[in-house]
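A short worksheet on the structure shown next.
2 protein chains.
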Amino acid sequence: MAMQQVKALVFDTFGTVVDWRSGIAREFAAFLPAHGRADLDPFAVADSWRRLYQPGMEECRSGRRPFTRLDVLHRESLEKVLKEIGITDASEGDLDHLNRAWHRLDPWPDVLLGLSRLRRKYFLAPLSNGNIALLANMAKRAMIPWDAILGAEPVQAYKPQRECYTRTAEVLAMEPHEVCLVAAHNDDLRAARMAGLSTAFVARPTEHGPGQTKNLTAEDPWDAVATDFVDLAKQLGLD
Amino acid sequence: MAMQQVKALVFDTFGTVVDWRSGIAREFAAFLPAHGRADLDPFAVADSWRRLYQPGMEECRSGRRPFTRLDVLHRESLEKVLKEIGITDASEGDLDHLNRAWHRLDPWPDVLLGLSRLRRKYFLAPLSNGNIALLANMAKRAMIPWDAILGAEPVQAYKPQRECYTRTAEVLAMEPHEVCLVAAHNDDLRAARMAGLSTAFVARPTEHGPGQTKNLTAEDPWDAVATDFVDLAKQLGLD
Chain Y
8 MAMQQVKALV FDTFGTVVDW RSGIAREFAA FLPAHGRADL DPFAVADSWR RLYQPGMEEC
68 RSGRRPFTRL DVLHRESLEK VLKEIGITDA SEGDLDHLNR AWHRLDPWPD VLLGLSRLRR
128 KYFLAPLSNG NIALLANMAK RAMIPWDAIL GAEPVQAYKP QRECYTRTAE VLAMEPHEVC
188 LVAAHNDDLR AARMAGLSTA FVARPTEHGP GQTKNLTAED PWDAVATDFV DLAKQLGLD
Chain A
8 MAMQQVKALV FDTFGTVVDW RSGIAREFAA FLPAHGRADL DPFAVADSWR RLYQPGMEEC
68 RSGRRPFTRL DVLHRESLEK VLKEIGITDA SEGDLDHLNR AWHRLDPWPD VLLGLSRLRR
128 KYFLAPLSNG NIALLANMAK RAMIPWDAIL GAEPVQAYKP QRECYTRTAE VLAMEPHEVC
188 LVAAHNDDLR AARMAGLSTA FVARPTEHGP GQTKNLTAED PWDAVATDFV DLAKQLGLD
């Protein structure tokens, strides 16, 4: 397969490496009762926050706003969500702590074992819309063995902007096809392929909870298709 | 001491973390005889290459040239050095390999032990004029446990430009004084202190060889002064 020329594996992070929905809901499960809204489903509030993710980045992608790191966008959208549900008594410290819930997400169960094997042969980095501090704090807390923290912030462009993929290959001093995006999202892989990167799909069928309908399978003939990171490592000869 | 508020230790790399002079000379010791110049001292050629380091960056700092990553500046200065010594028969592959000698530098003997201890309490990253691929390849090869690869390239400014220090603190989402530069160079520390960072001096008295005359001691009252990284860890309560 085309994976033979690949030197670096770069990973979508939210959904592909970490289970953002459970992680954010876990923090709301403590926050909501403390602020008088024990009646709300923490998963539903997590979904509300996440729904403001693409619109926030779109302001930057469209050029209406200069590139702004995700921690800032997350904070703005958090304040909108809390306003909608009538929570107005959170302190600055509480808000900052809750906003950093994205720094405290846990990896899916196969991630650490898979990456520790993949690392023997490949350069590993996130290629995420998360900012450097977010991704690095997440990695330090969960012991994710990245070789560098890449993604939107170092290249000042948000996926699926073409530059986000091409400039990442430039930063790595590699040809685009020598860099493979690993993602659980077919649209991310389509944009990566358009930019010349190699592509690997790993299904995360519960990213959006038990009723997920999208991204259950590979929709295009990606260069690799794996059930999880350990399976990907095995397919690449690492076990 | 002022180190109590520090959350991240960021490291000058060439000279402070790695012994660039021995590493570059080691590669010239193989390259020069292969190209008919066994008569030259590989350390002297390494020094010649390094002398073009500051002038190359100064073109970018002055604004005469847009920010250009160090691998490119190194390649340009390498070609100048080889021209001066009459080597014109090196292939593109040879030149690229030699240029990446900076990716293959070894840490000083105390570095890995010291960083493994410091890592338990601090966020660790290079704050180097080296580019991301250079620093990350160096770290992967030598198993340097950085939490992120920071420095000139992510912030598009070369030390000692003030922005290189202040933007690095911004990327970390920390106040400048919460970030401590560790360096073997008093001028780097002066610029970091002017930008609000905390400062730690570690002497590297043989960086420039046995006859070194500069940076043998701390010239200002830095927040910490240590003999090596293990000593720094010990001073910070980690041993």
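Those protein sequence lines, which keep their order, are chains Y and A.
So the number in our numbering is just where the residue sits in the first sequence, counting from 1, plus 7.
So the number in our numbering is just where the residue sits in the second sequence, counting from 1, plus 7.
For glycine and all other residues, C-beta sits at the position ideal for the given N, C-alpha and C.
A quick note: this is a predicted structure, and the numbers were derived from the prediction, not measured.
How many Å lie between residue i and residue j at the Cα?
| i | j | result |
| --- | --- | --- |
| residue 43 of chain A | residue 63 of chain A | 28 Å |
| residue 224 of chain Y | residue 91 of chain Y | 35 Å |
| residue 124 of chain A | residue 155 of chain A | 17 Å |
| residue 117 of chain Y | residue 18 of chain A | 33 Å |
| residue 214 of chain Y | residue 127 of chain A | 31 Å |
| residue 186 of chain A | residue 230 of chain A | 12 Å |
| residue 59 of chain A | residue 227 of chain A | 27 Å |
| residue 36 of chain Y | residue 48 of chain Y | 8 Å |
| residue 153 of chain A | residue 153 of chain Y | 9 Å |
| residue 100 of chain A | residue 38 of chain A | 13 Å |
| residue 75 of chain A | residue 218 of chain Y | 48 Å |
| residue 172 of chain Y | residue 45 of chain A | 44 Å |
| residue 67 of chain Y | residue 197 of chain Y | 21 Å |
For residue i, which of helix, strand or coil comes out of DSSP?
| i | result |
| --- | --- |
| residue 206 of chain Y | strand |
| residue 21 of chain A | strand |
| residue 40 of chain A | helix |
| residue 125 of chain A | helix |
| residue 190 of chain Y | strand |
| residue 232 of chain A | strand |
| residue 158 of chain Y | strand |
| residue 135 of chain Y | strand |
| residue 240 of chain A | helix |
| residue 179 of chain Y | coil |
| residue 130 of chain A | strand |
| residue 102 of chain A | helix |
| residue 152 of chain A | coil |
| residue 62 of chain A | helix |
| residue 114 of chain A | strand |
| residue 140 of chain Y | helix |
| residue 245 of chain Y | coil |
| residue 15 of chain Y | strand |
| residue 35 of chain A | helix |
| residue 69 of chain Y | coil |
| residue 74 of chain A | coil |
| residue 81 of chain Y | helix |
From this set, the options, which residue's C-alpha is nearest residue i's C-alpha?
| i | options | result |
| --- | --- | --- |
| residue 201 of chain Y | Y/184, Y/215, Y/211 and Y/217 | Y/184 |
| residue 240 of chain A | A/23, A/12, A/95 and A/129 | A/129 |
| residue 138 of chain A | A/173, A/182, A/82 and A/69 | A/82 |
| residue 14 of chain Y | Y/131, Y/28 and Y/159 | Y/131 |
| residue 12 of chain A | A/181, A/74 and A/234 | A/181 |
| residue 176 of chain A | Y/73, Y/190, Y/218 and Y/140 | Y/140 |
| residue 57 of chain A | A/9, A/88 and A/110 | A/88 |
| residue 40 of chain Y | Y/24, Y/70 and Y/97 | Y/97 |
| residue 178 of chain A | Y/219, Y/168, Y/221 and Y/143 | Y/143 |
| residue 164 of chain A | A/50, A/16 and A/73 | A/73 |
| residue 28 of chain Y | Y/45, Y/16 and Y/51 | Y/51 |
| residue 189 of chain Y | Y/133, Y/55 and Y/69 | Y/133 |
| residue 169 of chain A | A/199, A/61, A/244 and A/148 | A/199 |
| residue 24 of chain A | A/114, A/55, A/10 and A/53 | A/114 |
| residue 69 of chain Y | Y/166, Y/16, Y/245 and Y/55 | Y/166 |
Which whole-angstrom value is the C-beta distance of residue i and residue j, which I expect to be below 8 Å?
| i | j | result |
| --- | --- | --- |
| residue 205 of chain Y | residue 20 of chain Y | Not a contact, Cβ separation roughly 18 Å. |
| residue 108 of chain A | residue 31 of chain A | 5 Å |
| residue 151 of chain Y | residue 122 of chain Y | 7 Å |
| residue 112 of chain Y | residue 235 of chain Y | About 17 Å; that fails the 8 Å criterion. |
| residue 237 of chain Y | residue 77 of chain Y | About 28 Å; that fails the 8 Å criterion. |
| residue 85 of chain A | residue 105 of chain A | 7 Å |
| residue 159 of chain A | residue 22 of chain A | Not really, about 15 Å apart at Cβ, beyond 8 Å. |
| residue 243 of chain A | residue 10 of chain A | 6 Å |
Is it right to say residue i is buried, meaning 16 or more other beta carbons lie within 10 angstroms of its own, or is it exposed?
| i | result |
| --- | --- |
| residue 34 of chain A | buried |
| residue 211 of chain A | buried |
| residue 162 of chain Y | buried |
| residue 207 of chain A | buried |
| residue 65 of chain Y | exposed |
| residue 194 of chain Y | exposed |
| residue 71 of chain Y | exposed |
| residue 221 of chain A | exposed |
| residue 53 of chain Y | buried |
Mind pulling the chain B residues with CB within less than 8 Å of residue i?
| i | result |
| --- | --- |
| residue 74 of chain A | Absent here is chain B; the protein component of the structure consists of chains Y and A. |
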